[in-house]
Every structure is written in structure tokens, then in C-alpha cells.
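Residue numbers (my numbering): 2 to 426.
Think of the CB as a built atom: it goes at the ideal place given N, C-alpha and C, for glycine as much as any other residue.
All values derive from a computational prediction rather than experimental measurement.
Heads up: the structure comes next, in C-alpha cells.
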Amino acid sequence: MTRSPQRVFAARLAGTAVFDPQGDQVGRVRDVVAVLRPRGPHRVIGVVVEVPGRRRVFVPMTRVTSVVDGQVLTTGLVNMRRFEQRGTETLLLAELLDRTVELADGSGQATIEDLGLEQVRPRDWHLTKLFVRRGAAHRGLSGRLRRRGETMTVGVGDVVGLTVPEADQGATNLLAAFDELRATDLADVIHELTPKRRREVAAALDDERLADVLEELPEDDRVEILSALEGDRAAHVLEEMQPDDAADLLSELPAEQAERLLALMEPDDADPVRRLLAYDERTAGGLMTSDPVVLAPDASVAEALAIVRRVELSPPLATAVYVCRPPLETPTGRYLGTAHLQRLLREPPNTPLGQVIDNDVVPLDPEETLQGVTRQLAAYNLVSLPVVDEDGHLLGAVTADDVLDHLLPDDWREAEEEVFEVGRG
């Protein structure tokens with residue numbers, strides 16, 4: 002009995018779990034690597050797999066035993082060296098999704114929405130089919146694709162221009178393939194793209210999602226992306242960022258460009274960013290966020306717990322409520338103390354915050370050095386500390402994650418780890 006060849010679509014592989022023969026998960030598929038030839042078959046040579054530690058490694062198709070039921074099974078031998086794309090290689094998801102091609106029958110253009118892979122012999126796969134939508138990609142001012150025209154599946158030989166990079170490709174289908182990724186993981190995907198594709202992906206993301214991603218990208222990438230955006234769009238994205246992250250990003254730009262973007266931002270969003278930019282980046286004032294959780298002493302424990310449950314609040318900021326006299330926007334009225342999350346969980350819901358505050362934590366001066374901030378976080382075993390001015394007004398809070406960003410090397414996101422193989426023996 003002849004076994005029918007396996008067929009899968011590349012976009013459906015995105016995020017698929019990869020297992021070794023013992024059933025242990027090795028990682029998840031992030032892309033598919035192929036060698037496209039002007040003549041002859043387009044060979045699929047492997048997959049890019051994200052393994053623990055957010056490292057992307059290459060798994061050749063000779064190590065893939067099957068792709069079935071939403072799983073990729075391997076021989077178990079995976080070289081943990083970081084994947085680096087070669088000049089002859091094409092990343093099918095990153096580079097071909099959303100590309101416009103000409104239909105060979107002369108009936109017009111089509112946009113690639115998925116790519117069909119076929120196993121032609123054991124552990125030998127080819128790109129054989131394209132799922133396309135008739136018509137060129139129509140994009141609005143945001144760069145997002147507007148879906149028009151019928152869809153169909155065609156052979157790779159039925160189109161012209163598959164191997165020719167498109168000037169303005171868009172990224173709607175690429176982003177759809179990675180829709181469930183957290184911002185930090187999507188940032189890793191974007192970092193691996195070419196500068197051209199990074200700009201196209203940024204154009205397709207909405208402002209809030211792009212802001213989240215920019216906060217996770219290396220300095221060079223986020224400066225490149227923000228500088229490529231139109232002024233108003235760049236300002237809107239900065240407004241969506243946390244004030245401290247927006248200040249960090251603006252500090253990396255030329256002063257004239259940063260001031261122009263600040264002028265385009267809404268005053269309520271620009272003012273806290275300007276205050277943060279006034280401090281050296283390696284001081285408490287430069288490290289702090291100006292938007293911690295602040296409540297009055299007569300607010301109840303129940304109110305505080307309701308606020309720290311908000312999904313948009315980062316975990317470090319959710320561990321403490323800063324109790325101050327009105328006004329409650331930074332810079333606030335007089336700082337009274339900190340109500341820690343663990344204490345809030347032990348108190349009756351109607352207890353006023355003024356009765357549960359911790360006065361033992363010494364607030365930071367905005368000019369305190371990075372080393373001083375680090376020592377104080379360690380001394381109190383906390384993940385955030387208040388920052389107050391000389392008159393006792395709360396200016397913001399420094400969190401441990403911001404401190405780590407400045408203590409780690411600039412290239413910590415890309416630092417190589419020990420090379421080894423998993424699943425051996």
C-alpha cells in the first residue's frame with residue numbers, strides 16, 4: 002500500500018510544538034526555511050524553532066520524522082547554536098506571506114496568504130502550493146491589508162515573481178500567524194527580520210501593540226522603527242508606551258527629533274515624559290515610572306485590590322500601592338507610605354489604606370545612583386521603591402525590571418549561551 006505524501010501549510014505551523022522521540026517538548030516552530038530556485042523544486046530545508054530561553058535554533062528537515070496532529074516530531078538531536086539565515090535561504094513566513102505575485106495565466110495579480118509544503122520522500126519537503134487571494138494587496142494609511150478578491154490554491158509554477166522581493170509588501174498575514182505571541186516574543190520575531198520587513202510589520206501593527214513591542218526590542222531596532230514612522234503615528238505610539246519607556250526611547254534620538262515628537266504628543270502624555278528626561282538615565286529619577294498605583298489614605302483595601310488586578314498593570318507595579326495626600330497624579334501630594342500587596346490580601350476589604358501602610362521603607366531621592374537603588378531594593382527584598390522629591394511629594398516608582406535592564410549588558414537579549422544538544426541518549 003502506497004502511503005500518501007504529507008501536506009501542511011506553513012502559516013499553520015507557526016507556534017506548533019516540537020517534540021523529541023520521548024515525547025518531551027523541545028520548543029515551538031517560529032518559521033520555515035527554504036531554498037528557492039528560479040528553476041527546479043523549491044526545497045524546504047528546515048524549521049526555525051524557539052527553545053527555552055527564547056533562543057531560535059535551526060532544525061533541518063532531515064531531523065523531522067513527521068508533522069501530524071499539530072505536532073512536529075524530531076529525532077531528538079537539535080543543535081542549540083543560534084539560527085543565522087544564510088544568503089541563499091528564504092524564511093517562508095517572514096518573507097513570503099503578503100507578497101504580491103503575477104498569475105502565470107495572465108489573469109492578474111494575487112497576494113500570498115499561505116504556503117503549502119509537501120513531503121516528496123522521507124524527510125524531503127518541497128514548497129509546492131500557494132494559497133492566494135486575487136488582486137494586489139490594498140492597504141490603508143496604517144499599512145494593513147484590506148481583503149478583496151476570491152481565494153484559491155495554485156501551484157508554485159502557476160505564479161511569476163515568487164523570488165522577487167516586493168517594494169511594499171505589508172505584513173497582515175505574517176502577523177496573523179503570530180497573533181497569539183506575547184509582545185516580548187513578537188519582538189524576537191521582528192528583531193530577526195530584515196530592516197525592510199521590520200518597517201512593514203510596524204506599519205501593520207496597531208499603536209498599542211507596536212508600543213508594547215518597542216518596549217521589548219533592542220535599542221537599534223526601536224530607534225530604526227520609530228524613525229521610519231510618520232510624525233503623528235510615532236507620537237501616538239509614544240503615547241501608548243509607559244512614560245519611562247517612552248523617555249528611554251526618546252533619549253536615544255537626536256535632541257531635535259525627540260523635541261519634535263514631544264510637541265506632537267498630547268500634553269498630558271508628554272509632560273511626564275519631559276520630567277523623566279530631565280534626570281540622568283542611571284539615577285532613580287531616570288529609572289522610575291511616573292505612573293505607579295497611587296491612592297488616598299481613605300481608599301479601601303477592596304479598591305486597591307481592584308486596581309492592582311488590572312491586566313495592563315505590570316507585575317512589579319502591582320505589588321505595591323503608594324498612599325499619598327491629594328493630588329494623586331505624580332508629582333502627588335505628600336507621600337505617606339506603601340501598602341504592599343501581601344498585606345492587602347490579609348486585611349478586611351473595607352479597611353482604609355491609611356491603616357495598613359508600611360513606613361519603614363525609605364523612599365529614594367530622584368538623584369540616587371543606580372548602585373544605590375540596587376542596594377535598597379536588595380536590602381528591603383522588594384521589587385519596587387517609591388521616589389520622592391525634597392518636599393516629600395511622590396514622583397514615581399523604580400521597579401526591579403527597569404534596574405535589571407540597566408545592570409545587564411546592552412546585548413543581553415542576544416547573548417550566546419552554551420551550545421549543546423537536547424534529546425541525546
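In this structure, does DSSP put residue i in helix, strand or coil?
{"i": "Thr-63", "result": "helix"}
{"i": "Arg-134", "result": "strand"}
{"i": "Pro-387", "result": "strand"}
{"i": "Thr-164", "result": "coil"}
{"i": "Ala-105", "result": "coil"}
{"i": "Asp-115", "result": "strand"}
{"i": "Thr-154", "result": "strand"}
{"i": "Arg-57", "result": "strand"}
{"i": "Val-9", "result": "strand"}
{"i": "Thr-173", "result": "helix"}
{"i": "Glu-51", "result": "strand"}
{"i": "Leu-142", "result": "Reliability fails at Leu-142, whose pLDDT of 42 lies under 50, so the model's placement of it is uncertain and no value is given."}
{"i": "Asp-208", "result": "helix"}
{"i": "Leu-128", "result": "strand"}
{"i": "Glu-418", "result": "Residue confidence for Glu-418 is low, a pLDDT of 47 falling below 50, so the modelled location carries little weight; the figure read from the coordinates is stated next. Coil at Glu-418, not helix or strand."}
{"i": "Ala-285", "result": "helix"}
{"i": "Leu-92", "result": "strand"}
{"i": "Arg-199", "result": "helix"}
{"i": "Leu-408", "result": "helix"}
Could you please give me the residues that DSSP links to residue i through a beta bridge?
{"i": "Ala-398", "result": "Thr-290, Pro-387"}
{"i": "Val-36", "result": "Arg-44"}
{"i": "Gln-72", "result": "Ala-18, Val-69"}
{"i": "Gln-26", "result": "Phe-20"}
{"i": "Gly-338", "result": "Val-324"}
{"i": "Gln-110", "result": "Glu-103"}
{"i": "Arg-122", "result": "Asp-125"}
Do we get a CB-CB distance below 8 Å when we pair residue i with the residues of chain B?
{"i": "Val-27", "result": "In the structure shown, chain B cannot be found, because there is only a single protein chain."}
For the alpha helix (DSSP H) containing residue i, name the first residue and the last one.
{"i": "Glu-260", "result": "256-265"}
{"i": "Asp-222", "result": "220-229"}
{"i": "Leu-250", "result": "244-252"}
Leaving out five residues on either side along the sequence, give the residues of the same chain with a beta carbon under 7 Å from the beta carbon of residue i.
{"i": "Pro-123", "result": "none"}
{"i": "Thr-185", "result": "Glu-217"}
{"i": "Thr-66", "result": "Leu-74, Thr-75, Thr-76"}
{"i": "Ile-226", "result": "Arg-199, Arg-200, Ala-203, Leu-215"}
{"i": "Trp-126", "result": "Val-45, Met-62, Leu-118, Glu-119, Gln-120"}
{"i": "Leu-278", "result": "Ala-248, Leu-251, Ser-252"}
{"i": "Arg-13", "result": "none"}
{"i": "Thr-89", "result": "Val-36"}
{"i": "Ala-188", "result": "Val-214, Glu-217, Leu-218"}
Can you give me the Cβ contacts of residue i inside the same chain, cut-off strictly under 8 Å, excluding the 5 residues immediately before and after it?
{"i": "Arg-425", "result": "Residue confidence is low: Arg-425 scores 29 on pLDDT, short of 50, so the model does not pin down where it sits. Its coordinate-derived value is still stated next. Result list for Arg-425: Gly-77, Leu-78, in chain order."}
{"i": "Ala-105", "result": "Gly-158, Asp-159, Val-160, Val-161"}
{"i": "Glu-253", "result": "Glu-220, Arg-223, Val-224"}
{"i": "Gly-156", "result": "Thr-129, Lys-130, Leu-131"}
{"i": "Ala-305", "result": "Val-294, Leu-296, Val-322, Ala-340, Leu-345, Leu-354"}
{"i": "Gln-110", "result": "Thr-101, Val-102, Glu-103, Leu-104, Arg-135, Gly-136, Ala-137"}
{"i": "Ile-308", "result": "Val-294, Leu-296, Leu-314, Val-322"}
Which stretch, first to last residue, makes up the beta strand (DSSP E) that contains residue i?
{"i": "Thr-185", "result": "Note, Thr-185: premise wrong, no beta strand (DSSP E); alpha helix (DSSP H) at 184-192."}
{"i": "Leu-277", "result": "Counting along the chain, Leu-277 falls outside any beta strand (DSSP E), though it belongs to the alpha helix (DSSP H) covering 268-278."}
{"i": "Ala-235", "result": "Counting along the chain, Ala-235 falls outside any beta strand (DSSP E), though it belongs to the alpha helix (DSSP H) covering 232-241."}
For residue i, I'd like the list of residues in its chain whose CB is within less than 6 Å of its CB, leaving aside the five on either flank, ordered along the chain.
{"i": "Ala-48", "result": "A small correction: the amino acid at residue 48 is Val; Ala does not occupy that position in the sequence shown. Correct list, in chain order: Val-30, Val-33, Val-60."}
{"i": "Gly-141", "result": "Residue confidence for Gly-141 is low, a pLDDT of 46 falling below 50, so the modelled location carries little weight and cannot support an answer."}
{"i": "Ser-143", "result": "Because the pLDDT at Ser-143 is just 46, under 50, the model does not fix this residue reliably, and the point stays unresolved."}
{"i": "Asp-169", "result": "none"}
{"i": "Ala-303", "result": "Pro-350"}
{"i": "Val-238", "result": "Asp-208, Leu-211, Ala-212"}
{"i": "Ile-191", "result": "Arg-199, Val-202"}
{"i": "Ala-321", "result": "Thr-339, His-341, Ser-385"}
{"i": "Phe-10", "result": "Asp-115, Gly-117"}
{"i": "Arg-326", "result": "Gly-334, Arg-335"}
{"i": "Pro-273", "result": "Pro-244, Ser-291"}
{"i": "Ala-439", "result": "Residue 439 cannot be examined here, being either before or after the span of the chain that is shown, 2 to 426."}
{"i": "Leu-176", "result": "Ala-205"}
>> Please give me, in chain order, every unbroken run of the alpha helix (DSSP H) with length at least 4 that falls completely inside the region 340-382.
In response: 342-347, 371-381
> Can you give, in chain order, each stretch of the beta strand (DSSP E) that sits fully within the region 293-333 and has at least 3 residues?
Replying inline: 321-325
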